[in-house]
Amino acid sequence: MTEPLLETRDLVIRFGGVTAADHVSLKIEAGRNLAIIGPNGAGKTTFLNICSGWIKPSAGSVHFEGEDITRLPPRKIVTRGVARAFQIPQLFTEHTALENLLIAASARDGLRNPLRSMHGIDARDEMMHLLDMVNCADVADRVVVELSEGERKLIDIAVALALKPRLLLMDEPTSGVASSQKDEIMEILIKALSEANVTSVFVEHDMSIVQTYADEVAVWNAGNVQLRGTPSEVLEHPDVIRDVIGEEIA
Amino acid sequence: MSSVTTTAPATGSSPAALSLLWIAGVVLLAAVPFLAPNLQLLVNFALAKGLAVVGVTVLLRAGQVSFGHALFFGISAYIGAFVMASVPGMDFFGILIAGTLGAALAGLVVGLFVVRYRGIFFGMLNLAFSMIFWSILEKFYHITGGADGIRLTRPTVLGMELGRDAFELFLYYTAIVLVVGLGWFTIRWFASPVGQLFQTIKTNETRLEYLGISPRRAMLSGYLLSAALCGVGGILMATAQGVVTPEYVWWVRSAEMVFIAVLGGAGSVRGAFLGALIYEFVRTYASAYAGDVWQMLLGAFLLVIILFAPGGIIGIFERVFARGKGTS
Amino acid sequence: MNLTTFLLALFDGVSYAALVFIVALGLTLIFGVMRILNVAHGSLYAIGAYATVSLVGWVLALGAAPILAFPLMIVSAILVGVLIGGPVEYLLLRRIYDKPEVLQLLVTFAVFMILEDVQRLVWGTQPYFEAQALRALGNVTVFGVTYTVYQLILLPLVALTLLVGLRFFLRRTVTGKLITATTEDREAAQSIGIDADRVFLLTFVMGAILAGLGGALASPTTSILPGMGADMIVLSFAVVATAGLGQIEGAAIAALMIGMGRSFAIYIWPEVAVLVPYLIMVLVLLVRPEGLFGSPAARKI
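Chains as they are written, first to last, in the numbering used here: chain A, 410 to 659; chain H, 12 to 339; chain R, 1015 to 1315.
Put into C-alpha cells, the structure is as follows:
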C-alpha cells in the first residue's frame, strides 16, 4: 500500500474541559476527496486547524508525505504542499481578485525584485487561467470587498490552488452561498481540483453535496472519527442518520 | 470606506497629464536657488523631512502608525555628527552612507521587536523606543552634548572642500536627486511583489501566513525601508542645519512626521513631499504669529483631515484634477 | 547598599508606583471597555496637576487651612474628567468607534497635541511647585528612615482603595455590571436596553478623572513642568503593556515592578533610571508578547 498523503496519529486536543480531538488517527490517500461531516462543535474545523498548523495538538502527531509537520507553523506547512481555504474567505480585501492571486504566486515563487511590478510577473497568465477555472475571470479587476460571498469563496479557493498544493483543506466550501449556487460551486471546484491534480479534504454540512462530490466520507462525532466509508455506505448508516443527518434536518 | 490609510492597488499610474505636473514640480524645485534663493534652505529642510515622512508613509501602507520614527531620523543625524567629529574632513557621501546604514541597523534591532505588534502596541512601542533614545541623548551629555547637541563641521564633497554657498547648493541638489530617486524607488517597491506582500498586513495576516509567508518578515522588510528613509532624511537635515540636538528625536518630531504623512495623503509618496513642502512653508511663516499654539493648530487640523478629508491633500488634488478633466 | 538607602529606595518605589498605577488604571479601564488607547491620557494627568496647584494656591492664599488641599485635589480631578474628558468622548471619540484602530490612535494623538499647547497657554512654561499638602501630613520614621506620610502612606492607600473600589464597582454594582456587559458584547448589551453611548461616556470620564487624580496627587511631590504629560503617557503605557492591556490587577503589579526598578536604579546607576521602566517593559514583552497577565487573542478562522 502506498504512503498516505496526510496521516494523523493519536491526535489529542483539549480546550478547557472540552476534548475536541480524542486520539484521532486518520489516513488521507492521494486522489480521493474526503468529506468530513458531523454535528456542530464536534471538532471538524479544529481538525483542519491542527492539520494546517494553526493550533498545536496536546498530543499526537501529523505527518505529510511521511514528514512530521506537527510542530511547524502554518507557513512552513504551506510550503510543504498543504493549502487551506476557509469558511469565511481570507482575502486581501482592498486588492482585486487578480491581485490576490498574483500575491499568492509571488509568495509561492519567492519573488524578491523590488523594482518589478507584481502585475508583470511571469505567473500572470497562469493566475488568469486559474481565475477562469473557478469562473471568476470576469471579476478579475474588481476589488474583493465589492464581490459576492460566492465569488469570494471561489477566489479564496483559487488563492489556495495558486500555491500548487498537493492537498487542499477546505472548511465548508459552500456555506454562506445561496443553495441554488451550491452545486455550481462544487462542480467548478471538483473540476478545478482534478485538473490541478489536488486532493482535498472538506468539511461539509450539506449531505447532497457530500453524496455527489466526495469519494469518501468521515463522520466526526465527539472528537473522533465515528465511521468512515463511501458516501452511500456512510449516509445510509442508521447511526449517521440519527446523529448527524437528523440534526441537519432539525 | 473612509480610511486614512489606503492601500493603493499595484496599478496606481496617474494619468499622463498628472505625471507632467509632477515633473514640472521637480523642475520648479530645481530652479528655486535661482528664482528664490532665500527659500533654498527652507525647501532643503522640507525635502529632508519629506524623506522621513515617506518612511512613515511606508508603514501607513500596512495600516500601521509609528509615533517614534524620529528615532531613526535622529540616530542617523547623530551618527553623522559623531563621524564628522572623530574623522575631520570626512566626505559627505561617507556620512550619508554611515548614517543610513546606522538607521537601517537600528531599524533592524528595533524592528525585530516591534514587528510582533500591530496597532496600538506598534505605535506606542515605537514612541517608547524614541523616548529611550531621547533620554540617553539628554542624560549622557558628556558624550552627546546633552540638550545643546553637537555641531557638525562641513564635510568635504568627493574630496573637495566647498565654501558655504557652494556646499549648500550641492546639498540642495543632492536632496532633490535623493528625493526623486528614493521616491521613485519607494513607489516601485510598493508595486513590487515584496511591497505588495508587505501591504497585505493591513487587510489579512491570516491569509499571508497561509501563503507561506511570515507576516513578521514581511513587516520587517517595510520597517527597514522606513528606517533607512528616515536615516537619509536625518543626514540631510543634520548637514543642512549644521547641528544635531535631542530635539531631532523628540516625540514632537515624530508627531510632525505622522501629521505630514496624513496631511499629504496617507499612503502617497508624492503626497508626503507635497505635504512636507506645504508644512514647512506654513510653519516658517505662520509660527511667527502662532508659535504658542502651533501644536494645537496641528492637532486640530489633523482631526479635521481624519474626520472630513481622509484622502489628505493628494486626495483633494487628484479629485479636483479628475473632475476638471471630466468637465472640460 | 546599606539598609537606609535600601529603605529609601523601597519607599520611593512604593510611592512612585502608587502614582503611576492610578494613572495607568484610568488608561487600562478606558482600553478595557472601549478598546481605545487614549494617548491624551498623559495630558489629562498634567492638567490635573496644574489645576490642583492653581486651585490650592488660590484657596490657600485666601487663608484657608492647608488640609483643604485634599478635597481640592478631588475637585480638580473631577473638573478634568468632566470638562475635558466628557467633551473629548462626546464630540470626537463617538464618531470613530467603528473606524480602524490606527485612526482612533491618530485622533487621540491629535487631542494630545492640542492639550499640550493648552497647558502652555494657560500655565506658561515656568515650573510650579506647591507642597502644602505634603507638609500638612508631616513625616513618619521607619527603621530610622524618615519619610513623608503623604508619599509613604497616603498615596499607596489611595491606590489600593481605587484598585479595590474599582473591582467592587465593576463586579458588584449595577452600573459596573452594565459596563462589563457592554465590554463583553456591545450589540447584545444594546439589545437588552443598555445605553452603550452613556456607558462609554461614563467610562471615559471615569478614566479621565483617574488621570487627573494622578496628576493632582503627584503635584505636591514634584515640579509641574511642560512635557510631564508626554512622559506620563509613555510610562503609563509601559505599565499597562507590561501588565497586559485591560488588566486592572495586573497593572498594580506592573506599576510596582516598574516603580521599584526605577527607584533602585536611581540609587545604583542614576543615569539609566529613566530607562528602567522601558527596559522592564521590553524584557517582559520579549518573553510574553501579550504582557504578564494578558492572554493572546486567538483569531477564529
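Every residue, glycine too, gets a C-beta built ideally from N, C-alpha and C.
The model shown is predicted, which means the values in this text are computed figures rather than measured ones.
Query, Result
"Supposed contact pair I224/H and G275/H - C-beta distance, whole angstroms, cut 8 Å", "At roughly 29 Å, the Cβ-Cβ gap does not stay under 8 Å, so G275/H and I224/H are not in contact."
"Extent of the continuous alpha helix (DSSP H) run through G1308/R", "Note, G1308/R: premise wrong, no alpha helix (DSSP H); not H, not E."
"Beta carbon proximity, L493/A to chain H, threshold 8 Å", "Note that residue 493/A is Arg in the sequence shown, not Leu. It does; some Cβ of chain H falls within 8 Å."
"Spatial distance of G1226/R from L169/H (CA atoms)", "57 Å"
"Buried versus exposed call for W1072/R [16 or more other C-beta atoms within 10 Å across all chains shown]", "exposed"
"Nearest-angstrom Cβ-Cβ length linking V205/H and S237/H, presumed shorter than 8 Å", "Incorrect: roughly 14 Å between the Cβ atoms, too far for contact."
"Inter-stretch contact (C-beta, 8 Å, three-pair minimum) for the region 108–116 of chain H and the region 244–252 of chain H", "yes"
"Proximal chain H residues relative to L500/A, where beta-carbon distance stays under 9 Å", "T214, N215, R218"
"Residues that G134/H contacts on chain R, provided the C-beta gap is smaller than 7 Å", "L1119"
"Range of the contiguous alpha helix (DSSP H) that encloses G490/A", "Note, G490/A: premise wrong, no alpha helix (DSSP H); not H, not E."
"Q207/H: contacting residues in chain A (beta-carbon distance under 9 Å)", "F501, H504, E508, L511, I512, S515, M527"
"For E558/A, the nearest candidate out of A569/A, L500/A, E613/A, V421/A (CA to CA)", "L500/A"
"Per-residue DSSP class, three states only, for S588/A", "helix"
"Element boundaries [alpha helix (DSSP H), containing M616/A]", "616–622"
"Collapsed DSSP secondary structure at E474/A in the structure displayed", "coil"
"Rounded straight-line distance, which links the Cα of L40/H to that of T454/A", "59 Å"
"Residues of the region 96–128 of chain H whose Cβ lies closer than 9 Å to any Cβ of chain R, in chain order", "F124, R127, Y128"
"Cβ-based burial, V554/A [other Cβ within 10 Å; buried from 16]", "exposed"
"Where V1156/R falls, given that 16 or more other Cβ within 10 Å makes a residue buried", "exposed"
"Chain-ordered chain A contacts of W200/H [CB-CB under 7 Å]", "P523"
"Bridge-paired residues (DSSP) for R162/H", "V254/H"
"Opening and closing residue of the alpha helix (DSSP H) in which A47/H lies", "Premise fails: A47/H is in no alpha helix (DSSP H) and is neither H nor E."
"Where the region 1247–1258 of chain R meets chain H: residues whose CB sits under 7 Å from a CB there", "V1248, F1251, A1252, A1255"
"Residues from the region 567–590 of chain A in contact with chain H, defined by Cβ distance under 8 Å", "V568, A569, L572"
"Runs of alpha helix (DSSP H) lying entirely within the region 1116–1194 of chain R, each at least 4 residues, in chain order", "1146–1150, 1169–1186"
"Cβ of T479/A within 8 Å of any chain H Cβ", "no"
"Rounded Cβ spacing between L636/A and V649/A (contact assumed at less than 8 Å)", "6 Å"
"Stretch pair the region 1183–1192 of chain R + the region 1052–1066 of chain R: three plus CB contacts closer than 8 Å", "no"
"CB contact check: F151/H to chain R, cutoff 8 Å", "yes"
"Where the alpha helix (DSSP H) containing K150/H begins and where it ends", "130–150"
"Residue range of the unbroken alpha helix (DSSP H) whose run includes W1072/R", "1055–1075"
"P226/H, buried or exposed, once every other Cβ within 10 Å from all chains shown has been counted against 16", "buried"
"Within chain R, partners of A266/H - CB distance below 8 Å", "F1123, M1127"
"Secondary structure of W195/H, DSSP reduced to three states", "helix"
"Chain-ordered chain A contacts of I224/H [CB-CB under 8 Å]", "R484, A516"
"L308/H versus E1115/R: straight-line alpha-carbon distance, rounded", "23 Å"
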